[in-house]
Structures are given as structure tokens and as C-alpha cells.
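Scroll down for the structure; my scribbles are underneath it.
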Amino acid sequence: MTFSKAVIPIISLGESAFLRALAEEDVTSEYVDGLNDPEVYRFLIGPSKQRQTIELVRNFVRDNQDDPHAILFGLFIDNTLRGTSRLHDISNESAYLGIALFDRSIWGQGWATRMIRKIVRFAIGSLGVKKVLAGIEKENIASQGAFNKAGFRPNQLLSHDLKVVGVQIWECIK
Ligand SMILES: CC(C)(COP(=O)(O)OP(=O)(O)OC[C@H]1O[C@@H](n2cnc3c(N)ncnc32)[C@H](O)[C@@H]1OP(=O)(O)O)[C@@H](O)C(=O)NCCC(=O)NCCS
Numbered sequence: 002m003t004f005s006k007a008v009i010p011i012i013s014l015g016e017s018a019f020l021r022a023l024a025e026e027d028v029t030s031e032y033v034d035g036l037n038d039p040e041v042y043r044f045l046i047g048p049s050k051q052r053q054t055i056e057l058v059r060n061f062v063r064d065n066q067d068d069p070h071a072i073l074f075g076l077f078i079d080n081t082l083r084g085t086s087r088l089h090d091i092s093n094e095s096a097y098l099g100i101a102l103f104d105r106s107i108w109g110q111g112w113a114t115r116m117i118r119k120i121v122r123f124a125i126g127s128l129g130v131k132k133v134l135a136g137i138e139k140e141n142i143a144s145q146g147a148f149n150k151a152g153f154r155p156n157q158l159l160s161h162d163l164k165v166v167g168v169q170i171w172e173c174i175k
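In C-alpha cells form, the structure reads like this:
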């Protein structure tokens, strides 16, 4: 599936918060510092392997802009970037969703749950994707809680096929 990056909408999350596709110019030192915070990168593949720099994060944003099967959304609250959510490996059959709130001061306020719900609605309703999946580490209780609350459940079959130790595939069932 290919779609035009020019038509990715701004997704409202209430009065002072929205999601929109990220651009290189959006990369802030807070974003980079957040990705270097052990509490944040603990379950994230890229940042847990290598210390992040402005350059690396800009490259990551650019790679996602250039990828016809991925969208990297930024979460803006009060016009400040607080986190990201990436829809990737987008095809007609499925798309994977990942999430990282690098501003720890907003954890536990339901932002992840609301972002997941809205992006799933966009993926299925606007892109025409049949199902949305997420790869979640079994020890990542916070992420499981957010995806569970947003209507995802572990899919034993897909998790078995994945053959990656410690990670389960969750599927949106609502
Ligand atoms: C995981 C993460 C996205 C959760 O975001 P969040 O906005 O704090 O999550 P929510 O507030 O929407 O939480 C939804 C539910 O998840 C559960 N939950 C969230 N954080 C939790 C925690 N630290 N411990 C246990 N349960 C937790 C709760 O059940 C919560 O619902 P409740 O508040 O009604 O009890 C955020 O902590 C994060 O970005 N972590 C670092 C990166 C990461 O691990 N990303 C996920 C990779 S798969």
C-alpha cells in the first residue's frame, strides 16, 4: 500500500493537544535527552542500542518521512513535542504501532491510550488497513496497560510466529 504523505491529517487530542507527522525541524534537545533517559529507552530497540544525538534523531525522522510504509507522529501538548508514535510496515493487511513518550512528566495521564485509539481509527478508517498490531516486551507492564486499555489483546499465534524471545504481538480487537 502507498499513500500520499501530503494528506496525513493533524489529529486532535483535545483542546491543547494534537498529533501530526514529524519533520526534521521538530527535533529538540528535550526529544534527544528523553531518548537517552534509561526509563524511556528501556524497551525501545534503537535508543537502547546507541546513545542518541540530534543528528541520529534527525536521520530517524527523515528515514520515516522517506519511508512510503511508515508515519512518525509527534505528540504536541501546549505546542511542545512530548512524545512520538510510529505507524510502520503499513500494508493493506496490517500496520504496526509503536509509542514513546519521552517527557516522563506526562506519564500516567492517559495520553498513550488516547493516542493509540486515535491512530488506530486513522489507520483503519482512513488508510484502509485491516488490523493494527504492536510488538510489546512481556516486561513492559506500562505499555501493555496502555494498549490493553485502547482495545488490544495478545495474539498467541502471531507471537508464536515471531519467534523473538520476550516480545508478544498484540492486536487491536475493537
Ligand atoms: C508505555 C507508555 C507509552 C505509557 O504511556 P502513558 O501515557 O503513561 O499510559 P496511560 O496513562 O495511557 O496508561 C494506560 C494504562 O496503562 C497502565 N499503566 C500505565 N503506566 C503504568 C505503569 N508504570 N505501571 C503499571 N501500569 C501502568 C494503567 O493500567 C493505565 O491505566 P490507568 O491509569 O487507568 O490505571 C509510556 O510510559 C512510555 O512512553 N514509556 C517509554 C517507552 C515505551 O516503553 N514505549 C512502549 C514500547 S512498546
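Position 6 of the sequence shown, counted from 1, bears residue number 7 in our numbering, the numbering being contiguous throughout. A virtual CB, placed ideally from N, CA and C, is assigned to each residue, including glycine. Since we're looking at a predicted model, the values are computed, not measured.
Pair within 7 Å by beta-carbon distance, residue i and residue j
i: Arg-52; j: Glu-25; result: no
i: Gly-152; j: Lys-131; result: no
i: Leu-73; j: Leu-23; result: yes
i: Lys-139; j: Gly-99; result: no
i: Leu-45; j: Ala-101; result: yes
i: Ile-170; j: Asn-149; result: no
i: Asn-82; j: Leu-20; result: Correcting the residue type first, residue 82 is Leu in the shown sequence and not Asn. Not closer than 7 Å, so no.
i: Ala-124; j: Ala-147; result: no
i: Leu-14; j: Arg-115; result: yes
First through last residue of the beta strand (DSSP E) which encompasses residue i
i: Val-133; result: 132-138
i: Phe-103; result: Careful: Phe-103 lies outside any beta strand (DSSP E) and carries neither H nor E.
Minimum C-alpha distance to residue i - residue among the options
i: Thr-85; options: Asn-149, Val-41, Ala-96, Ile-125; result: Val-41
i: Ile-16; options: Pro-48, Asp-79, Thr-3; result: What sits at residue 16 in the sequence shown is Glu, not Ile. Comparing Cα positions, the closest option is Asp-79.
i: Glu-172; options: Val-121, Tyr-32, Ala-18, Ile-9; result: Val-121
i: Ser-160; options: Leu-134, Ser-144, Ala-147, Asn-65; result: Leu-134
i: Val-33; options: Asp-68, Lys-119, Phe-61; result: Phe-61
Start-to-end residues for the alpha helix (DSSP H) that takes in residue i
i: Trp-171; result: Trp-171 -> not in any alpha helix (DSSP H); beta strand (DSSP E) instead, spanning 168-173.
i: Arg-52; result: Looking at the DSSP string, Arg-52 is not in any alpha helix (DSSP H), and its letter there is neither H nor E.
i: Leu-128; result: Premise fails: Leu-128 is in no alpha helix (DSSP H) and is neither H nor E.
i: Val-33; result: 30-36
Strand pairing of residue i, partner residues [DSSP]
i: Ala-13; result: It should be noted that the sequence gives Ser, not Ala, for residue 13. Beta-bridge pairing links Ser-13 to Phe-19.
i: Thr-85; result: Gly-75, Ala-101
i: Ala-183; result: Any question about residue 183 goes unanswered here, given that the chain covers just 2 to 175.
Reduced DSSP secondary structure (H/G/I, E/B, other) of residue i
i: Phe-153; result: strand
i: Ala-24; result: coil
i: Ser-5; result: coil
i: Phe-44; result: coil
i: Gly-111; result: coil
i: Lys-164; result: coil
i: Ile-120; result: helix
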